[in-house]
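See below for the structure under consideration.
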Amino acid sequence: MTADGGGTAQRGTPSVLTLPGASDGLRERLTAGLERVETLIAERVDHDDPFLAEAGSHLTRAGGKRFRPLLTLLAAEVGSGADDAVVAAAAGVELTHLASLYHDDVMDEADVRRGAPSANALYGNTTAILVGDLLFGTASDIVADLGPDAVRIQARTFVRLCAGQIRDARPCPDGQDPVAYYLSVLEDKTGVLIATAARYGGMFGGCDAETVETLREYGERLGMAFQLADDLIDIASDADETGKTPGTDLREGKRTLPVLHALASQDPADARLQDLLRGDLSGDAELEEALTLLRPHPAMELAREHTFAVATRAQDVLSGLPPSEAKDALHALASGVVTRVG
C-alpha cells in the first residue's frame, strides 16, 4: 500500500531522517529508535522452522522506508520520546503493514515487491497468504504486551484495513458518489494504519489524551495525502524515477482520483480517453495511450490540488500543539509527502 526523499525532484516518500531543519540530535534519536525496531522485528519474525523464518522475513530483508515506525518514533518526540513500549508499538505497526503487503501482492498478482521477487512469486499464493497471517499474528502478539487499549486499537485498525481492501477491490455502488466512495476507501485502506502509528507514538510517549487524538487525526490525514500522492505518481512518473512500473493502477482497473475526474469530464474531446479508462488496459499499447492522454489532462491538476489540500489539513491539525522540533518535523513531513508529485 505504499519511498525516501522529498522535494520536487524526487518521487520517493520522504524520510523523517532527511527532513530539512531537523537537528542532529533528533536524527540520532530516530535512527537509534529505528535500529531497535529493526532488531525487535528480526527477533520476533525468526522461527525454529527455517522455511518459515525465511518466508516471514522476505519483505523485511527486501528493505522499505519504514515510514510508519518512523512516524511512531517522531510522534513520541512530541512527548517524552521513545522507550521500549514506543519501540514495540512501532514494530507492531510495521509488521501489520508488511503482512498487508503479502496479501496485496496475491490480490494484485504482483511479481515484484521492493525490487525483489514477491512472496507469492517465490512461494505461491497459499503460502504468501498464510505468511501474511503469521505476521499479523506476530504484530498482535507484540501489541498484546502493551495493554488492553493498544490491543483494542490494533483490532479496530485491522478491521478497517481489511474493510478498505475489500471495498477497494469492488466497484462503487450504484447511487453513491464515486469520488466520495474512493476517499472513504483510502481512509480505511491507508489512512487508518498511519493514524495508528502516530497515535501509538503519542500514547506511549506519555502525551495527554488530547494530544494523542491530535496525533491520530494528523496521521489519518497524512495517510490520505500519502496515498493520493502515490496515485498521482503511478500516472505521472516513469520507472527510472520510482523503480515501479507506471500505470500499474490503470492496468489493474483501479479508478483512482485522477481517473474519476477524467471520467466525469463532459468535454467531447475526452471520449477516447474515457473509452480507454473504461476498457481493458492490460495491453501495453492501450496502457501507454491512456497514460499519454491522462498525464496532461486537467484531471491530474484537480487531483493534485486535492492532494495538497489534504496535506494542508494535516498540518492544520497540529496548530494546537505547543512549539517543538517534533511539531516542526511533522509539519515538514506532510509537505514532503505531497511535494514529491510536483
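Under the numbering used here, think of the first position of the sequence shown as 228, with each following residue one higher. The beta-carbon is built from N, C-alpha and C at its ideal position, and this holds for glycine as well. All figures in this text were calculated on a predicted structure; none of them were measured in a lab.
Per DSSP, what kind of secondary structure is residue i in: helix, strand or coil?
i    : result
K292 : coil
T539 : helix
A191 : Since the first and last residues shown for the chain are 228 and 569, residue 191 lies out of range.
H533 : helix
G470 : Summary for G470: the model assigns pLDDT 49, below 50, so the residue's position carries little reliability; its value from the coordinates is reported in the next sentence. Three-state result, G470: coil.
L548 : coil
D401 : coil
G450 : helix
S327 : helix
G432 : coil
D575 : Outside the shown range of the chain (228 to 569) lies residue 575, about which nothing can therefore be said.
R256 : helix
R263 : helix
R522 : coil
Excluding sequence positions up to five away, which residues of its chain have a Cβ less than 7 Å from the Cβ of residue i?
i    : result
H558 : Q542 and L545
Q392 : K416
T534 : A452, L455, A456, L459, V565 and V568
T365 : R271, V272 and L322
Please work out which residues of its chain come closer than 6 Å, Cβ to Cβ, to residue i, disregarding the five sequence neighbours upstream and downstream, and give them in chain order.
i    : result
H285 : A346
A561 : L449, A538, A541 and Q542
L362 : L322, L325 and A326
T229 : Unreliable positioning characterises T229 in this predicted model, as indicated by a pLDDT of 37, which lies under 50. The coordinate reading is nonetheless provided below. Answer for T229: no residue qualifies.
P405 : C399 and L487
R288 : none
On the DSSP letters alone, give me the boundaries of the alpha helix (DSSP H) that residue i sits inside.
i    : result
H558 : E552 to T566
S620 : This structure cannot settle anything about residue 620, because the visible part of the chain is limited to 228 through 569.
E281 : P277 to G283
P485 : L484 to L490
Q501 : A498 to R505
T417 : Taken as a continuous stretch (DSSP letters only), T417 belongs to no alpha helix (DSSP H), as it is neither H nor E.
A377 : P375 to D395
S367 : N352 to A371
E479 : Counting along the chain, E479 falls outside any alpha helix (DSSP H), and DSSP gives it neither H nor E.
D273 : First-last for D273: undefined, no H or E at that position.
L508 : L508 -> no alpha helix (DSSP H), and no H or E assigned at all.
For residue i, which option in the options has the closest C-alpha, if you only look at C-alpha atoms?
i    : options                   : result
V314 : R256, T287 and F278       : R256
A348 : A280, L361, L362 and D331 : D331
G428 : L420, V486, V439 and G418 : V439
Y350 : A282, S307, V412 and K292 : A282
I460 : L500, L477, I369 and S367 : L477
G260 : F278, G308 and S367       : G308
A491 : G480, R505 and E479       : R505
C434 : E270, L548 and A317       : L548
L328 : P495, Q501, L508 and G359 : G359
L484 : A436, A355, D276 and D395 : D395
R293 : T258, I380, L508 and D497 : T258
A553 : L388, E513, T519 and T299 : T299
G422 : S411, V320 and S551       : Before going further, note that residue 422 is Ala rather than Gly in the sequence given. The shortest Cα separation from A422 among S411, V320 and S551 belongs to V320.
Q381 : A318, E516 and L413       : A318
G432 : D310, L508 and D275       : D310
If you drop the 5 nearest sequence neighbours on each side, which residues of the same chain put their C-beta closer than 8 Å to that of residue i?
i    : result
L279 : V358 and L361
L503 : E513, E516, A517 and L520
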